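Protein chains in written order, with this note's numbering: chain A, 108 to 482; chain B, 3 to 413. Yeah, the Cβ is synthetic: ideal placement off N, Cα and C, and Gly gets one too. Owing to the predicted nature of the structure, the values given are computational and were not obtained by experimental measurement. The block underneath contains the structure these notes are about, expressed in structure tokens.
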């Protein structure tokens with residue numbers, strides 16, 4: 108990067124609550140316990156949505172009705188970030204980069220259709236499926252499911268219109284959104300960007316996908332280090348950051364929460380020598396890491412990736428404490444990397460370290476590193 | 003070798019197409035110039051109870067057993083293989099993959115199969131355990147990962163969605179990566195495979211689709227008075243972008259240049275543009291300015307031109323605002339291909355480059371009753387010879403994401 112990029116705003120909403128204070132408190136407490144819903148999606152524990160007063164960030168009820176929970180959570184967190192940065196007046200020329208999966212399905216409709224059609228031969232099931240979908244799907248649901256409509260809603264509700272790009276592909280999407288946002292600012296294409304993502308954990312449709320890999324943790328919640336055999340507990344997270352060129356932030360007197368010194372990403376095939384640890388080690392080359400740096404890990408809990416990440420971290424020069432974002436918030440897939448960056452920036456702003464390395468080892472693919480320096 | 007902002011000029015050295023009009027650039031382009039429609043009655047699945055029973059289908063061998071993401075991947079790979087082959091850039095692609103694709107999710111065949119063990123989600127979640135293949139098929143990052151592996155691209159495969167502007171966004175990301183000096187080459191793909199019952203129902207519920215079921219070939223009528231919606235379609239396009247310097251250094255044939263890109267988000271409504279056209283106009287102007295040009299330098303516009311009453315009205319407004327009283331000719335490939343959503347921006351970028359190469363404007367077909375509110379030369383019904391040096395290609399998305407590209411002749 109040529110020009111320096113600062114983080115000037117953080118918007119976090121998770122099972123721990125909303126805003127920087129709730130999350131700062133959890134960071135300060137070395138034995139902080141997360142908020143877990145053990146019953147709602149048993150046998151899979153999840154970190155639930157917090158109770159949010161949506162009116163505060165999404166004033167029009169009509170807008171709220173047009174969204175499903177993941178969009179509301181993300182739009183809410185995006186608003187928190189804008190407020191935190193004092194950047195409401197900058198939205199017209201602000202770039203928007205969002206990492207998104209898909210939105211909630213109508214689980215009740217899915218189950219009703221499955222109950223009726225699963226036993227029928229295909230020639231009968233096909234026409235009936237059409238009929239049930241045509242009569243059962245809510246017209247607004249589609250827009251609440253479309254990945255790019257989290258960004259669309261942020262544009263509508265908060266007026267962010269400089270540009271809008273939505274990245275897909277689980278954790279790597281979050282890292283690419285941040286990397287590309289920072290690269291565009293550093294090269295002088297714009298002064299300020301809003302970047303982040305949202306994930307809602309309490310969703311049977313997403314649990315279905317992740318159960319297929321065998322990667323979901325079952326039973327009582329445990330921290331990553333104590334999950335025998337590994338496993339993922341998903342977390343409801345809305346995480347947005349305001350990134351800004353140093354020049355622009357200084358010009359308007361905005362505070363620097365942390366300097367984003369580097370964002371790098373790679374994608375090992377995770378076979379043989381093309382390993383996640385080698386990929387991350389290559390990304391770390393040339394980074395000016397200092398002994399004692401804080402590590403904020405975006406590890407999902409998937410055992411192979413966690414073992415690779417531990418091996419990578421062991422090769423760093425005297426790393427300091429490692430905090431797993433997932434131990435506080437759960438794993439937020441697309442929102443994971445932005446959330447880890449937010450925690451890293453908060454840790455620096457708190458004086459808990461002067462340098463933080465943020466990792467993002469995807470549950471299947473993708474390795475990312477970000478280096479944060481204290482202001 | 004550098005543009006007006008000192009950035010490396012970006013060349014196109016390979017192109018690939020898969021459309022309902024044919025497999026490969028040559029076949030699709032021939033049909034576009036012939037004014038042939040690729041819209042047909044849907045044969046992939048039963049259409050009883052559907053309001054719209056027509057689409058632009060790309061029928062792949064063995065597709066009965068394929069989920070949408072598998073079809074997207076197959077079409078993307080076919081287009082990419084054609085583009086990479088034409089570029090002659092080697093077996094292992096020397097740069098990143100930028101993939102414009104639709105969101106994916108577990109689909110009805112999988113859901114119904116799982117539900118045989120019990121129709122509730124908790125039972126289906128138990129039944130799915132161990133289906134690693136299903137997991138990797140429906141992960142959002144799956145398609146990009148498999149394409150990256152096949153073509154040997156560098157780094158993280160970037161998957162992007164900006165609704166109907168997705169294909170253009172993929173090209174813009176590749177353009178920027180080369181301009182920034184991150185890469186010497188980029189493989190940009192837009193792919194779509196959403197001709198399936200649920201997407202069709204969803205778009206129908208938004209009243210976005212044409213219901214002219216009895217005359218499929220006549221259903222897509224951009225800029226025409228009796229237009230009443232778009233026709234869902236699918237396909238893929240791939241472009242190999244390289245810095246002009248790198249392309250010339252290795253003696254590659256330069257097919258054209260990507261001169262600039264512009265974007266602007268709308269904050270008005272989820273499916274409609276602000277009536278003032280601000281975001282559309284802003285994106286068009288930004289692309290022209292990014293290319294270091296003035297509106298008068300644009301020879302022809304490849305329209306977004308979906309055939310919805312709203313889009314075509316707004317695009318007309320944008321054309322008049324940007325180009326004044328004498329806008330250049332504009333035509334819509336979607337009149338023949340239908341709306342390939344995530345692929346459209348990339349397919350139309352390829353068509354724009356072919357328009358320049360051959361000096362032939364593809365027509366807007368089904369132009370029977372002119373709409374007095376659309377005072378544009380839409381190249382009605384028949385292709386036209388014209389000297390074309392620079393094309394503005396428009397892509398406007400649901401959710402207010404607008405991206406325009408400027409493509410130019412090889413130097």
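Which listed residue (the options) has its alpha carbon closest to that of residue i
i	options	result
residue 429 of chain A	A/413, A/439, A/440, A/442	A/413
residue 234 of chain B	B/170, B/334, B/58	B/58
residue 351 of chain B	B/284, B/325, B/238	B/238
residue 342 of chain B	B/192, B/121, B/325, B/111	B/192
residue 410 of chain B	B/400, B/382, B/361	B/361
residue 83 of chain B	B/385, B/394, B/152, B/281	B/152
residue 343 of chain A	A/125, A/224, A/398	A/125
residue 396 of chain B	B/264, B/378, B/327, B/301	B/264
residue 143 of chain A	A/458, A/204, A/326	A/326
residue 452 of chain B	B/208, B/87, B/20, B/243	The displayed coordinates of chain B run from 3 to 413. Any statement about residue 452 of chain B would go beyond what the structure contains.
residue 257 of chain A	A/305, A/380, A/219	A/305
residue 215 of chain A	A/436, A/392, A/329, A/310	A/310
residue 138 of chain A	A/459, A/279, A/434, A/150	A/434
residue 298 of chain A	A/199, A/119, A/135, A/274	A/199
residue 104 of chain B	B/88, B/80, B/96, B/140	B/140
residue 165 of chain B	B/398, B/412, B/406	B/398
residue 155 of chain B	A/415, A/375, A/243	A/375
residue 269 of chain A	A/246, A/291, A/114	A/291
residue 261 of chain B	B/273, B/255, B/288	B/288
residue 432 of chain A	A/411, A/134, A/180	A/134
Whole-number beta carbon distance between residue j and residue i, since they are thought to touch under 8 Å
i	j	result
residue 246 of chain B	residue 348 of chain B	The Cβ separation is near 20 Å, so there is no contact.
residue 184 of chain A	residue 347 of chain A	5 Å
residue 254 of chain A	residue 288 of chain A	Actually they are not in contact, since the Cβ atoms of residue 254 of chain A and residue 288 of chain A sit about 17 Å apart, beyond 8 Å.
residue 332 of chain B	residue 380 of chain B	6 Å
residue 258 of chain B	residue 14 of chain B	5 Å
residue 334 of chain A	residue 408 of chain A	6 Å
heavy atom of the ligand ADP below 8 Å from residue i C-beta
i	result
residue 120 of chain B	What this structure holds is no ligand at all, so the ligand ADP is not there to describe.
Quiz item: Can you find at least 3 beta carbon pairs, one from the region 171-189 of chain B and one from the region 87-103 of chain B, that sit closer than 8 Å?
Solution: yes
Practice problem: Closer than 8 Å, Cβ to Cβ, to anything on chain A: give me those residues from the region 82-114 of chain B, in chain order. | Solution: 103, 105, 106, 107, 108, 110, 113, 114
Self-check item: Interface residues of the region 175-187 of chain A facing chain B [CB-CB below 7 Å]
Solution: none
Self-check item: Contact the region 196-205 of chain B vs the region 293-313 of chain B: 3+ CB pairs below 8 Å
Solution: no
Self-check item: Uninterrupted beta strand (DSSP E) stretches inside the region 135-173 of chain B (no shorter than 3 residues)
Solution: 160-163
Self-check item: contact_flag[the region 383-393 of chain B, the region 38-48 of chain B] where n(CB pairs < 8 Å) is 3 or more
Solution: no
Self-check item: Contained alpha helix (DSSP H) runs [length at least 4] in the region 331-377 of chain B, N- to C-terminal order
Solution: 336-339, 346-360
Quiz item: Given a limit of 9 Å on CB to CB distance, which residues of the region 365-389 of chain A reach chain B?
Solution: 372, 373, 374, 376
Practice problem: Please determine if the region 112-126 of chain B and the region 28-43 of chain B are in contact, where contact requires at least 3 C-beta pairs separated by less than 8 Å. | Solution: no
Quiz item: Given a limit of 8 Å on CB to CB distance, which residues of the region 182-209 of chain B reach chain A?
Solution: 182, 184, 199, 200, 203, 204, 205, 206, 207, 208
Quiz item: Within the chosen definition, does the region 9-24 of chain B reach the region 244-263 of chain B through at least 3 CB pairs nearer than 8 Å?
Solution: yes
Quiz item: Are the region 184-193 of chain A and the region 120-140 of chain A touching, with three or more C-beta to C-beta distances below 8 Å?
Solution: yes
Exercise. Go through the region 234-292 of chain B residue by residue and report every complete run of the beta strand (DSSP E) that reaches 3 residues or more, in order.
Key: 237-245, 258-267
Exercise. Could you list the residues in the region 258-292 of chain B with a C-beta less than 8 Å from some C-beta on chain A, going in chain order?
Key: 265, 266, 267, 268, 269, 270, 271, 272, 273, 281
Quiz prompt | Against chain A: residues of the region 46-67 of chain B by CB proximity under 8 Å | solution = 47, 48, 49, 50, 51, 52, 53
Quiz item: What are the residues of the region 112-145 of chain B that lie near chain A, defined by any Cβ-Cβ distance shorter than 7 Å?
Solution: 113, 114, 117, 118, 121, 122, 123, 126, 127, 130, 131, 132, 133, 134, 136, 137, 140, 141, 142, 143
Self-check item: chain B contacts from the region 265-277 of chain A (Cβ-Cβ distance under 9 Å)
Solution: 265, 266, 267, 268, 269, 270, 271, 272, 273, 274, 275, 276, 277
Quiz item: Taking contact to mean at least 3 C-beta pairs separated by less than 8 Å, is the region 470-480 of chain A in contact with the region 443-453 of chain A?
Solution: yes
Quiz prompt | Positions along the region 438-466 of chain A whose CB lies within less than 7 Å of some CB in chain B | solution = none
Exercise. Indicate whether the contact test is met: 3 or more Cβ pairs, each with one atom in the region 232-242 of chain A and one in the region 455-473 of chain A, closer than 8 Å.
Key: no
Quiz item: If we count Cβ pairs, one from each stretch, closer than 8 Å, do we get three or more for the region 391-409 of chain A versus the region 15-29 of chain B?
Solution: no
Quiz item: Which full runs of the alpha helix (DSSP H) of 4+ residues lie inside the region 348-373 of chain A, going along the chain?
Solution: 353-359
Exercise. With 7 Å as the limit, tell me which residues of the region 156-169 of chain B have their beta carbon closer than that to any beta carbon of chain A; keep them in chain order.
Key: 157, 158, 159, 160, 161, 162, 163, 164, 165
Quiz prompt | Uninterrupted alpha helix (DSSP H) stretches inside the region 51-89 of chain B (no shorter than 4 residues) | solution = 70-89
Practice problem: Please list the residues of the region 210-223 of chain A that have a C-beta atom closer than 7 Å to any C-beta atom in chain B, keeping them in chain order. | Solution: 214, 217, 218, 221, 222
Quiz prompt | Residues within the region 148-176 of chain A neighbouring chain B, beta-carbon criterion of under 7 Å | solution = 173
Self-check item: Proximal residues, the region 323-340 of chain A versus chain B, C-beta separation under 8 Å
Solution: none
Quiz item: Is there contact here, the region 259-277 of chain A with the region 267-287 of chain B, by at least three beta-carbon pairs under 8 Å?
Solution: yes
Quiz prompt | Positions along the region 237-261 of chain A whose CB lies within less than 7 Å of some CB in chain B | solution = 237, 238, 240, 241, 244, 246, 249, 250, 253, 254, 255, 256, 258, 259
Quiz item: Touch check for the region 351-366 of chain A and the region 408-428 of chain A: three-plus C-beta pairs under 8 Å?
Solution: no
Self-check item: Segment contact flag, the region 140-158 of chain B with the region 63-78 of chain B, C-beta cutoff 8 Å, min 3 pairs
Solution: yes
Quiz item: Quick one, which residues of the region 397-409 of chain B are near chain A if we go by CB-CB under 9 Å, in chain order?
Solution: 399, 400, 401, 402, 403, 404, 405
Quiz item: Touching or not, the region 313-333 of chain B and the region 283-297 of chain B, by the rule of three or more beta carbon pairs under 8 Å?
Solution: yes
Quiz item: With a cut-off of 8 Å, do at least 3 Cβ pairs link the region 332-341 of chain A to the region 278-295 of chain A?
Solution: no
Quiz item: For the region 163-225 of chain A, which segments carrying the beta strand (DSSP E) assignment without a break, of at least 3 residues, lie completely within its bounds, in sequence order?
Solution: 202-206
Quiz prompt | chain B contacts from the region 192-203 of chain A (Cβ-Cβ distance under 8 Å) | solution = 203
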